[in-house]
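One structure below.
Protein chains in written order, with the numbering used here: chain Y, 16 to 127; chain X, -2 to 110.
Pasting the structure below:
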């Protein structure tokens, strides 16, 4: 079974731009969660989607948004990028019955 | 969400058994204990999960005392490739509702040749 995939793996943007990251969960998994990881703050939860609905949300500004499609693939969007948004963005999927989450390799976003 | 406390760092020689203990005094009845391993610039990798007593898989063992206020991840005969950050998390894995993982600082394990 293929694991969680994320695209792109690396991204460089400038302040003020927006970015869209993509995540394909493990086949059959309906829950997708997004996390931001920085050296200073560690791993922080952004939001979780289940069956195309946002089910849980972390403490991030409205510039961070996401969505999930009917095939469970998910996208995350960050608008008006700031230097502090530079981070490793991780996506995790779970089946929903045990809720054990499996992470993708992440997208390294650098904002200049 | 239950808060966890674990050592910031640990050193071990190759071939030794490593035990990392995590405290979670406010663990709830429905909470499971899960451990993840993370290498630099990679996503966390699921290691093991348990509810009570002892769980063992091909990678590690997890010991949970009766009061469940702590747990110990045991890595047998570590190698250099086990150098990583290890996270202990507790949360409701019953599937009853939404699930949000809260990561602490983790334990940075350094394996020395």
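A virtual CB, placed ideally from N, CA and C, is assigned to each residue, including glycine.
Everything numeric in this text was worked out from a predicted model, so none of it was measured.
| Mapping DSSP to helix, strand and coil, what is residue 57 of chain Y? | Locating residue 57 of chain Y in the first chain gives position 42, where the first residue counts as 1. Three-state DSSP puts residue 57 of chain Y in a strand.
| message | Using a Cβ-Cβ distance cut-off of 8 Å, determine whether residue 22 of chain Y contacts chain X. | response | Residue numbering aside, residue 22 of chain Y sits at position 7 when the first chain is read from its first letter. It does not: the Cβ of residue 22 of chain Y has no partner Cβ on chain X nearer than 8 Å.
| query | At a Cβ cut of 8 Å, what residues of the segment 39 to 55 of chain Y count as close to chain X, listed as they run along the chain? | reply | 46, 48, 50
| request: Could you check which residue in X/106, X/86, X/35 has the C-alpha nearest to that of residue 25 of chain X? | output: One-based indexing of the second chain puts residue 25 of chain X at position 28. Out of X/106, X/86, X/35, X/86 has the C-alpha closest to the C-alpha of residue 25 of chain X.
| task | Leaving aside the five residues before and after residue 100 of chain Y along the sequence, list all residues of the same chain whose C-beta is less than 7 Å from its C-beta, in chain order. | result | Residue numbering aside, residue 100 of chain Y sits at position 85 when the first chain is read from its first letter. Closer than 7 Å at Cβ, skipping near neighbours: 93, 124, 126.
| Got a sec: does the ligand ADP put a non-hydrogen atom nearer than 7 Å to the Cβ of residue 62 of chain X? | In the structure shown, the ligand ADP is absent, as is every other ligand, since no ligand is present at all.
| request: Could you tell me whether the Cβ of residue 36 of chain X comes closer than 8 Å to any Cβ of chain Y? | output: Along the second chain, read from residue 1 onward, the residue named residue 36 of chain X stands at position 39. Taking Cβ atoms only, chain Y never reaches closer than 8 Å to residue 36 of chain X, which makes this a no.
| task | Could you tell me the boundaries of the beta strand (DSSP E) in which residue 25 of chain Y lies? | result | On the first chain, residue 25 of chain Y is found 10 positions in, with the first residue counted as 1. Residues 25 to 28.
| query | According to DSSP, is residue 92 of chain X helix, strand or coil? | reply | Translated into the one-based positions of the second chain, residue 92 of chain X becomes position 95. Confidence in residue 92 of chain X is poor, its pLDDT being 48 and thus under 50, which makes the residue's placement unreliable; the coordinate value appears in the next sentence. The answer is coil: DSSP assigns residue 92 of chain X none of H, G, I, E or B.
| message | Using 8 Å as the threshold, is the C-beta distance between residue 105 of chain X and residue 20 of chain X below it? | response | For the purposes of this step, residue 105 of chain X is taken as residue 108 along the second chain, with counting starting at 1. For the purposes of this step, residue 20 of chain X is taken as residue 23 along the second chain, with counting starting at 1. Contact flag unset, no.
| said: In whole angstroms, give me the CA-to-CA distance for residue 29 of chain Y and residue 96 of chain Y. | reply: Locating residue 29 of chain Y in the first chain gives position 14, counting from the first residue. Locating residue 96 of chain Y in the first chain gives position 81, counting from the first residue. If I take the Cα positions, the gap works out to 7 Å.
| query | Among the residues of its own chain, which have a CB less than 6 Å from the CB of residue 77 of chain X, if the five just before and after it don't count? | reply | As a first step, residue 77 of chain X is located in the second chain; it is residue number 80 there, counting from the start. Cβ neighbours of residue 77 of chain X beyond the five flanking positions: 108.
| query | Which value, in whole angstroms, describes the spacing of the CA atoms of residue 49 of chain X and residue 83 of chain X? | reply | Residue 49 of chain X sits at position 52 when you count from the first residue of the second chain. Residue 83 of chain X sits at position 86 when you count from the first residue of the second chain. C-alpha separation (whole angstroms): 20 Å.
| query | Do residue 43 of chain Y and residue 110 of chain Y come within 8 Å of each other at the CB atom, strictly closer than that value? | reply | One-based indexing of the first chain puts residue 110 of chain Y at position 95. One-based indexing of the first chain puts residue 43 of chain Y at position 28. Closer than 8 Å, so yes.
| query | Sorted by chain position, which residues of the same chain lie with C-beta nearer than 8 Å to residue 51 of chain X's C-beta, five sequence neighbours on each side aside? | reply | On the second chain, position 54 is the one that residue 51 of chain X refers to. The residues are 58, 59, 60, 61.
| Can you name the start and end residues of the beta strand (DSSP E) that residue 19 of chain Y belongs to? | Translated into positions along the first chain, residue 19 of chain Y becomes position 4. Neither: residue 19 of chain Y is in no beta strand (DSSP E) and is coded neither H nor E.
| request: For chain X, find out if any of its Cβ atoms is closer than 8 Å to the Cβ of residue 117 of chain Y; answer yes or no. | output: Here residue 117 of chain Y is taken as the residue at index 102 of the first chain, counted from 1. Taking Cβ atoms only, chain X reaches closer than 8 Å to residue 117 of chain Y, which makes this a yes.
| Counted within 10 angstroms of its Cβ, other Cβ atoms place residue 67 of chain X as buried (16 or more) or exposed | Residue mapping note: residue 67 of chain X aligns to position 70 of the second chain, counting from 1. Buried, because 16 or more other Cβ atoms sit within 10 Å of the Cβ of residue 67 of chain X.
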